[in-house]
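The opening position of the sequence shown corresponds to residue 0 in numbering that gives the first Met the number 0, with each subsequent residue numbered one higher.
Taking it in order: structure first as structure tokens, then the write-up.
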Amino acid sequence: MRLVLLGPPGAGKGTQASAIVKKYNIPHISTGDIFRENIKQGTELGKKAKEYIDKGLLVPDDIVVSIVKDRILEEDCKNGFLLDGFPRTLNQGEALDDELSQMNLKLDKVININVEKEVLIERTIGRRICKDCGATYHIKFNPPVKEGICDNCGGKLYQRDDDTQETIEKRIEVYQKQTKPLIDYYTKKGLILNVDGTKKISEIFDEIVEALEG
Ligand code: ADP
Ligand code: ADP
Ligand code: ZN
């Protein structure tokens, strides 16, 4: 299964991605996670990406596209993958299509998670991430059993530098302008699966699975 998760920042892409990849045993490719890992390691890519991420802007297409192209050629992507947070521009969407058609492959579905702006702000500001395993929590909507500690691995939870009110507003604006056109692009291709991202995490997951298998 070759899937894309589309949606504004805070829609719940990463949360659903974790459950989907577990169920279908496919790799989870999150461009945001790849950048955060590179920032943590202090690589050149990380330094470059950070300049954009901290401002709430998109990392330039050429950088992101080459990372994803290389990644989907890896052995573990042979039977499918889940792209989370890529593509984010029409240009990236077209580059992905080109690459897949060269590989004689196609996307199966593009899952589009819809959530309105006010909710997105509350979700991103309350988001907490495990520094060791990357699991995502929310202080109110999806809290860990023990405050500040990851249920999965006992790691410490942290708040992303770009999850501030100001940056999130910028990111939502960038989403409206640069990412939203992809909904139309994939609708025309008959690939879009729209889901209401304001439902409960488990309800959304059940809906996605039903649509993928139905
Ligand atoms: P969120 O989960 O809030 O949607 P991500 O973790 O996916 O955010 O991405 C964090 C940041 O990394 C983005 O705001 C952007 O700066 C950068 N980024 C991630 N994916 C892409 C992409 N496909 N194209 C350009 N920039 C990206
Ligand atoms: P994205 O990857 O789209 O930016 P995340 O999966 O990181 O979004 O979710 C953003 C925040 O909202 C996290 O703190 C997460 O725990 C929380 N969250 C995700 N899905 C839901 C939901 N259906 N209801 C309430 N909170 C949610
Ligand atoms: Zn953890």
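Glycine included, each C-beta is placed from N, C-alpha and C at the ideal position.
Worksheet item: Since Gly196 and Val109 are thought to touch, with beta carbons under 8 angstroms apart, how far apart are those beta carbons, to the nearest angstrom?
Response: 14 angstroms between Cβ atoms; not a contact.
Worksheet entry | For Ile148, the residue or residues it bridges with in DSSP | Bridge partners of Ile148: Lys155.
Worksheet item: Quick one: does Val144 have its CB under 8 angstroms from some CB of chain D?
Response: Although the question refers to chain D, the structure presented lacks it and comprises just one protein chain.
Worksheet item: What's the call for Pro8, buried or exposed, on a 16-neighbour Cβ count within 10 Å?
Response: buried
Worksheet item: Does the stretch 23-35 come close enough to the stretch 63-72 to have 3 or more Cβ pairs within less than 8 angstroms?
Response: yes
Item to complete: Identify every residue that forms a DSSP beta bridge with Leu82.
Response: Val3, Ile28
Practice prompt. Report all residues from its chain with a CB closer than 7 angstroms to the CB of Gln40; omit the five preceding and five following residues, and keep chain order.
Written response: none
Worksheet item: The beta strand (DSSP E) with Tyr136 in it runs from where to where?
Response: 135-137
Discussion item. Let me check you understand the geometry: is the CB of Ala18 closer than 7 angstroms to at least one non-hydrogen atom of ligand 2?
Written reply: no
Discussion item. So the candidates are Gly84, Asn193, Ile71, Ile112; which of them puts its Cα closest to the Cα of Asp97?
Written reply: Answer by Cα proximity: Ile71.
Fill in: Straight-line Cα distance separating Ile200 from Gln91
28 angstroms
Practice prompt. Determine the closest residue to Leu156 out of Thr178, Ile182, Glu168, Ile128, with distance taken between C-alpha atoms.
Written response: Answer by Cα proximity: Ile128.
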